[in-house]
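Counted the way the working numbering counts, the sequence shown spans residues 82 to 283. Ideal Cβ placement from N, Cα and C applies to all residues, glycine included. This structure is a prediction, so every number in the text was calculated from the model and none was measured.
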Amino acid sequence: LLFDGKTLTGWTIFKARPNNTWEVLDGTLHCKALNETTGDGNERADLRTTQQFQNFELVFDWKVAAEANSGVMYRVTEEFEQPYYSGPEYQLIDDTGYPGELTEMQKTGSNYDMHAAPATKPVKPAGEWNTTKIVVNANHVEHWLNGAKVVEYELLSDDWKQRKDASKWKEAAGYGMAPTGYIDFQDHGNEVWFKNVKIKTL
């Protein structure tokens, strides 16, 4: 159990940044939506595990508010300014309601900007609970959504390197390179909830 439903034990803020967005609310890990025009934008930061994980199966339930964007990164290090420069991201977003234009690789279940989840995936709309499973074993990675496998890839493979060179991570030398790292829940300025967060090491 990574989250006990009552406290933030086992969790800390990425790079110990000032933060007022994460809380435990009714048994969920809750990222508050903050209106950044009120000047609190500097107190946003990701929430990460205190423990590092190499090979694992991570399962959690999540829901996003309408128009919201978030994500979960894995094998994250604090080597770089942001967690996504090291850890691949399982995208969580309101696919249909998000105000910006999204490519398939920026929709729920995708490995952000690298591998697109199929359009036929079984995703529940904003405000409803979804269940995600992320499997990372050596270089083999799987993204699951509500019981369906939506992404599968091999880290550091030729195909992966080609995709990286064509993605926004092209210049990120450390992206996907760490053999072990933190689990990181993204604070993207939007409201998101997590519960039943469990991990099994492989």
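8 Å Cβ shell around residue i - same chain, five flanking residues per side excluded
{"i": "D268", "result": "N100, T102, W103, C112, R125, A126, D127, L128, S151"}
{"i": "K285", "result": "Because the chain here runs from 82 to 283, residue 285 falls outside it and cannot be looked at."}
{"i": "D176", "result": "L183, K188, T189, V204"}
Short Cβ contact (8 Å threshold) for residue i with residue j
{"i": "I215", "j": "V153", "result": "yes"}
{"i": "A146", "j": "A97", "result": "no"}
{"i": "A200", "j": "M186", "result": "no"}
{"i": "S167", "j": "A247", "result": "no"}
{"i": "V231", "j": "K202", "result": "yes"}
{"i": "T213", "j": "W143", "result": "yes"}
{"i": "L262", "j": "Y179", "result": "Position check: residue 262 holds Gly in this sequence, whereas Leu was assumed. For G262 and Y179, no; Cβs fall outside 8 Å."}
{"i": "L110", "j": "K276", "result": "yes"}
{"i": "P169", "j": "D265", "result": "no"}
{"i": "G257", "j": "L236", "result": "yes"}
{"i": "G91", "j": "Q133", "result": "no"}
{"i": "A358", "j": "E252", "result": "For the chain, the structure presents residues 82 to 283; residue 358 sits outside this window and is missing."}
Buried versus exposed call for residue i [16 or more other C-beta atoms within 10 Å across all chains shown]
{"i": "T118", "result": "Reliability of the predicted coordinates at T118 is poor, the pLDDT of 47 falling under 50, and the value obtained from them is presented with this limitation in mind. Per the 10 Å Cβ criterion, exposed."}
{"i": "S191", "result": "buried"}
{"i": "W274", "result": "buried"}
{"i": "L283", "result": "exposed"}
{"i": "W225", "result": "buried"}
{"i": "D107", "result": "exposed"}
{"i": "D194", "result": "buried"}
Sequence-distant residues of its chain with Cβ nearer than 7 Å to residue i (five each side left out)
{"i": "A219", "result": "N136"}
{"i": "Y234", "result": "N192, H196, V222, W241"}
TODO: Would you check if the region 83 to 101 and the region 242 to 253 touch, i.e. whether three or more CB-CB distances between them fall below 8 Å?
DONE: no
Open item on the list: So within the region 169 to 249, which uninterrupted alpha helix (DSSP H) runs reach at least 4 residues, ignoring any that extend past its ends?
Closed with: 239 to 246
TODO: Note down, one range per segment and in chain order, each beta strand (DSSP E) of at least 3 residues found wholly within the region 87 to 130.
DONE: 92 to 94, 103 to 106, 109 to 112, 128 to 130
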